[in-house]
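Peer 1:
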């Protein structure tokens with residue numbers, strides 16, 4: 002059955018035109034979402050082949066309701082107003098059709114995306130870069146307050162097709178003449194109501210007033226206050242209105258927790274949770290088909306009965322996997338969203354979101370695999386620091402607070418392992434005839450003159466095998482005292498740490514990079530705790546950073562493509578030694594004929610009077 006769409010026509014008066022325009026509104030109701038998700042795929046939306054290939058590489062299989070509803074309109078060149086809550090997949094809703102319409106052969110700025118915060122601007126830019134992975138020559142630049150102008154100016158001079166920025170910094174560049182929008186064909190306002198709330202709506206209107214007459218505008222907002230509606234009627238040309246009305250809820254019987262992924266490898270964290278959490282059956286959700294098989298193999302190697310479940314697996318095999326999960330021959334299934342749709346297995350006690358879902362509807366669907374029919378269940382969400390916004394969106398959408406959990410410590414794991422080992426002994430003593438073994442060991446004790454306790458210890462060691470019974474916490478790589486100077490760019494001497502290795506990054510002073518930029522990129526993109534980042538030295542053309550010698554799996558690959566100050570880090574092990582860091586040379590004083598010293602630096606007095614602090618009030622609105 003095709004999804005029903007509720008259509009109404011709502012008149013609105015354009016402020017500068019006497020004519021009355023019609024707003025065509027498509028309201029997708031909660032009952033529509035499941036059917037739509039089942040019937041519509043990205044192949045049906047008319048995206049460019051290169052964009053479609055990137056979407057499939059990312060692992061998205063079906064569009065969210067906002068994506069399915071808006072992408073065709075944007076591809077058709079229509080102005081659009083999209084109303085949907087944060088976390089419903091709005092970024093892909095405008096990014097995918099926008100990329101499909103770009104001319105990558107031109108280095109002129111063709112699209113401008115306005116975002117209320119620098120965090121969102123960076124997030125959108127990263128998403129665009131990911132969706133354009135099969136588009137050679139594509140360039141996107143995030144610009145926001147607090148970032149050095151030099152890197153932004155250099156990138157704008159080279160040319161970028163898409164600029165993602167906060168209103169304040171975009172205005173600055175436009176007034177300087179460094180951001181030229183003569184060839185702009187697309188404008189996107191993301192989270193317009195948030196820009197209104199933060200007091201930037203006047204800036205937004207000024208920017209929109211400078212746009213070329215022929216351009217396409219897409220405005221996205223969670224709510225439609227009068228100021229946002231006025232902007233839509235003033236600047237948009239007969240826009241389509243798409244409203245996604247979602248009603249999400251989670252069962253009260255499900256305990257929801259999240260773990261902030263800092264420092265520790267996600268696989269190691271997952272292993273600890275599996276050891277500490279008493280579970281019956283479990284589903285682990287990931288984003289891509291590739292990860293399902295990779296993670297299943299790694300868990301199998303660690304002794305767990307696990308299997309992958311994704312859209313590429315034949316239907317017969319998928320049915321066998323589900324049946325094995327039901328009858329207890331399989332304990333863990335690693336699945337994508339589509340593969341697990343409709344899965345109802347009574348013994349599923351835990352759902353783990355190994356990868357955070359791309360929208361709130363997917364989260365509700367995922368954790369709904371447990372806690373069914375009044376049964377209790379547990380849901381655990383892995384969240385990277387840069388994914389906090391999605392966590393907040395999930396909490397708002399579900400109207401529930403998700404509690405933060407700490408990982409089990411080495412002491413916790415060791416206590417559980419010892420208890421389980423002793424339980425094996427207890428079970429063996431209670432249910433096995435040991436008379437033959439008692440006689441044999443008595444003979445051994447008498448013949449070799451050893452204690453019975455030593456023999457028991459030897460047999461216990463033999464039973465455990467090569468795998469250590471006890472685990473150790475990873476040593477802290479930097480003390481608090483040492484971490485204070487980890488941002489130093491002076492190249493000062495410091496005692497080397499044998500657990501750290503020096504790496505080279507292909508970004509330097511000429512690109513406008515700072516040590517803070519590097520720390521933020523490494524911490525956010527590779528999930529490495531900032532406490533594990535050592536000395537950073539910035540040179541004209543490259544930088545060096547001390548990182549753990551045994552970087553988490555996948556961190557090197559991630560950091561090779563991570564961009565800082567518009568440059569790919571392309572991380573590699575540093576082969577050379579320390580280089581002197583260039584400093585500003587003091588000017589030599591000139592000596593006049595009379596013998597007076599002119600120029601040069603003035604002598605510093607031993608006692609300096611501190612400047613009084615300014616009593617001027619601070620600006621209410623921070624630099625954005």
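Numbering (the numbering used here), first residue to last: 2 to 625.
Quick reminder that beta carbons are idealized off the backbone N, C-alpha and C, glycines included.
Return the CA-CA distance between residue 71 and residue 194, expressed in angstroms with no decimal places.
Peer 2: As a position in the chain shown, residue 71 is number 70, starting the count at 1. As a position in the chain shown, residue 194 is number 193, starting the count at 1. Whole-angstrom Cα-Cα distance: 19 Å.
Peer 1: Since residue 128 and residue 122 are thought to touch, with beta carbons under 8 Å apart, how far apart are those beta carbons, to the nearest angstrom?
Peer 2: Residue 128 sits at position 127 when you count from the first residue of the chain shown. Residue 122 sits at position 121 when you count from the first residue of the chain shown. That belief does not hold up - the Cβ atoms of residue 128 and residue 122 are roughly 11 Å apart, past 8 Å.
Peer 1: Considering only the beta carbon of each residue, do residue 277 and residue 372 sit closer than 7 Å?
Peer 2: Here residue 277 is taken as the residue at index 276 of the chain shown, counted from 1. Here residue 372 is taken as the residue at index 371 of the chain shown, counted from 1. No, the Cβ-Cβ distance between residue 277 and residue 372 is not below 7 Å.
Peer 1: What is the rounded straight-line gap between the Cα of residue 208 and the Cα of residue 233?
Peer 2: Stepping through the chain shown from its first residue, residue 208 is reached at position 207. Stepping through the chain shown from its first residue, residue 233 is reached at position 232. Cα to Cα, residue 208 sits roughly 14 Å from residue 233.
Peer 1: Provide the residue span of the alpha helix (DSSP H) that contains residue 98, from first to last.
Peer 2: As a first step, residue 98 must be located in the chain shown, where it is residue number 97. That run of the alpha helix (DSSP H) goes 91-102.
Peer 1: Given residue 95, which residues of its chain have a CB within under 6 Å of its CB, disregarding the five upstream and five downstream residues?
Peer 2: By 1-based counting over the chain shown, the position of residue 95 is 94. Here the set comprises 189, 219.
Peer 1: Taking the alpha carbon of residue 423 as the reference point, which residue from 118, 457, 367, 434 has its own alpha carbon closest?
Peer 2: Indexing the chain shown from 1 puts residue 423 at position 422. Looking at the Cα atoms, 457 is the closest of the given residues.
Peer 1: Quick check on this structure: which residue in 357, 367, 353, 356 has the alpha carbon closest to the alpha carbon of residue 345?
Peer 2: Taking the first residue of the chain shown as position 1, residue 345 is located at position 344. When each option's Cα is compared against that of residue 345, the closest is 367.
Peer 1: Please specify which runs of the beta strand (DSSP E), each continuous and at least 3 residues long, are wholly inside the stretch 358-386, giving them in chain order.
Peer 2: Complete beta strand (DSSP E) runs here, min 3: 378-384.
Peer 1: When the Cα of residue 142 is compared with those of 136, 217, 134, 155, which residue comes out closest?
Peer 2: The residue labelled residue 142 in the question sits at position 141 within the chain shown. Residue 155 is the option with its Cα nearest to residue 142.
Peer 1: Which residue or residues does DSSP assign as beta-bridge partners of residue 538?
Peer 2: Here the question's residue 538 lines up with position 537 in the chain shown. 545.
Peer 1: Do the stretch 391-404 and the stretch 270-286 make contact, defined as three or more Cβ pairs closer than 8 Å?
Peer 2: Output reads no: the stretch 270-286 does not touch the stretch 391-404.
Peer 1: Out of 400, 323, 330, 379, which has the shortest C-alpha to C-alpha gap to residue 361?
Peer 2: Taking the chain shown and counting its residues from 1, the one referred to as residue 361 is at position 360. Measuring from the Cα of residue 361, the nearest candidate turns out to be 400.
Peer 1: Counting C-beta neighbours from all protein chains within 10 Å, is the total for residue 504 16 or more, i.e. buried, or is it exposed?
Peer 2: Taking the chain shown and counting its residues from 1, one reaches residue 504 at position 503. Looking at its Cβ environment, which holds 16 or more other Cβ atoms inside 10 Å, residue 504 is buried.
Peer 1: What do you reckon, are the CB atoms on residue 289 and residue 555 nearer than 7 Å?
Peer 2: For the purposes of this step, residue 289 is taken as residue 288 along the chain shown, with counting starting at 1. For the purposes of this step, residue 555 is taken as residue 554 along the chain shown, with counting starting at 1. No.
Peer 1: My guess is that residue 548 and residue 502 are in contact by the Cβ rule of under 8 Å, so how many angstroms apart are they, rounded?
Peer 2: Within the chain shown, numbered from 1, the residue matching residue 548 stands at position 547. Within the chain shown, numbered from 1, the residue matching residue 502 stands at position 501. Right, their Cβ atoms sit about 6 Å apart.
Peer 1: Check whether the stretch 293-300 touches the stretch 405-412, taking contact to mean three or more Cβ pairs, one atom from each stretch, closer than 8 Å.
Peer 2: The stretch 293-300 is not in contact with the stretch 405-412.
Peer 1: Compute the beta-carbon to beta-carbon distance between residue 334 and residue 310, rounded to the nearest angstrom, for a pair I have assumed lies under 8 Å.
Peer 2: Taking the chain shown and counting its residues from 1, one reaches residue 334 at position 333. Taking the chain shown and counting its residues from 1, one reaches residue 310 at position 309. About 5 Å separates the two Cβ atoms, so the contact holds.
Peer 1: Enumerate, from N- to C-terminal direction, the unbroken alpha helix (DSSP H) stretches of 4 or more residues contained entirely within the stretch 135-169.
Peer 2: Fully enclosed alpha helix (DSSP H) runs of 4 or longer: 150-159.
Peer 1: Restricting to Cα atoms, I'd like to know which of 152, 168, 169 is closest to residue 161.
Peer 2: Within the chain shown, numbered from 1, the residue matching residue 161 stands at position 160. That would be 152, whose Cα lies nearest to the Cα of residue 161.
Peer 1: Could you work out which residue in 99, 58, 92 is closest to residue 47 when comparing CA atoms only?
Peer 2: By one-based count along the chain shown, residue 47 stands at place 46. Per the Cα distances, 99.
Peer 1: Taking C-alpha atoms, which residue in 301, 336, 419, 377 lies nearest to residue 357?
Peer 2: Walking along the chain shown from the start, residue 357 turns up at place 356. Selected option, being the one with the closest Cα: 336.
Peer 1: Which of helix, strand or coil does DSSP assign to residue 237?
Peer 2: Start at 1 with the first residue of the chain shown, and residue 237 comes out as number 236. Looking at residue 237 - three-state DSSP - the assignment turns out to be coil, as it is neither helix nor strand.
Peer 1: Pull up the distance between the alpha-carbon of residue 126 and that of residue 211, whole angstroms please.
Peer 2: Locating residue 126 in the chain shown gives position 125, counting from the first residue. Locating residue 211 in the chain shown gives position 210, counting from the first residue. Straight-line Cα distance between these residues: approximately 23 Å.
Peer 1: Enumerate in chain order the residues of its own chain whose CB-to-CB distance from residue 213 is below 6 Å, with the five nearest sequence positions on each side excluded.
Peer 2: Against the chain shown, residue 213 aligns to sequence position 212. Taken in chain order, the residues that qualify are 185.
Peer 1: Around the Cβ of residue 66, are there at least 16 other Cβ atoms within 10 angstroms (buried) or fewer (exposed)?
Peer 2: By one-based count along the chain shown, residue 66 stands at place 65. By the 10 Å Cβ count, residue 66 comes out buried.
Peer 1: To the nearest whole angstrom, what separates the beta carbons of residue 560 and residue 508, a pair I think is in contact under 8 Å?
Peer 2: As a first step, residue 560 is located in the chain shown; it is residue number 559 there, counting from the start. As a first step, residue 508 is located in the chain shown; it is residue number 507 there, counting from the start. Rounded, the Cβ-Cβ distance is 11 Å, inconsistent with contact.
Peer 1: Can you grab the Cα-Cα spacing for the pair residue 351 / residue 108, in whole Å?
Peer 2: Here residue 351 refers to the residue found at position 350 when the chain shown is read from its first residue. Here residue 108 refers to the residue found at position 107 when the chain shown is read from its first residue. Those two C-alpha atoms are separated by around 49 Å.
Peer 1: Considering only their Cβ atoms, is the gap separating residue 145 from residue 170 smaller than 7 Å?
Peer 2: Looking up residue 170 in the chain shown gives position 169. Looking up residue 145 in the chain shown gives position 144. In contact: residue 170 and residue 145 (Cβ atoms closer than 7 Å).
Peer 1: Can you give me the C-alpha to C-alpha distance between residue 304 and residue 275, rounded to a whole angstrom?
Peer 2: Start at 1 with the first residue of the chain shown, and residue 304 comes out as number 303. Start at 1 with the first residue of the chain shown, and residue 275 comes out as number 274. Straight-line Cα distance between these residues: approximately 11 Å.
Peer 1: Who are the Cβ neighbours of residue 76 in its own chain at under 8 Å, not counting the five residues just before and after it?
Peer 2: As a first step, residue 76 is located in the chain shown; it is residue number 75 there, counting from the start. Counting only Cβ-Cβ distances below 8 Å, and skipping sequence neighbours, we find 46, 47, 48, 98, 101, 102.
Peer 1: The alpha helix (DSSP H) spanning residue 261 covers which residue range?
Peer 2: Counting from 1 along the chain shown, the entry for residue 261 is found at position 260. That residue, residue 261, is in no alpha helix (DSSP H); its beta strand (DSSP E) goes 255-261.
Peer 1: Can you name, in chain order, every residue of its own chain whose Cβ lies under 7 Å from the Cβ of residue 542, other than the five neighbours on each side?
Peer 2: The residue you call residue 542 lines up with position 541 of the chain shown. Taken in chain order, the residues that qualify are 509, 511.
Peer 1: Please name the residue in 551, 91, 323, 258 whose C-alpha comes closest to that of residue 355.
Peer 2: The count along the chain shown starts at 1 and reaches residue 355 at position 354. The option with the nearest alpha carbon to residue 355 is 258.
Peer 1: Using alpha carbons as the reference points, say which of 377, 348, 347, 384 lies closest to residue 364.
Peer 2: Numbered from its first residue, the chain shown carries residue 364 at position 363. Here the closest residue by C-alpha is 384.
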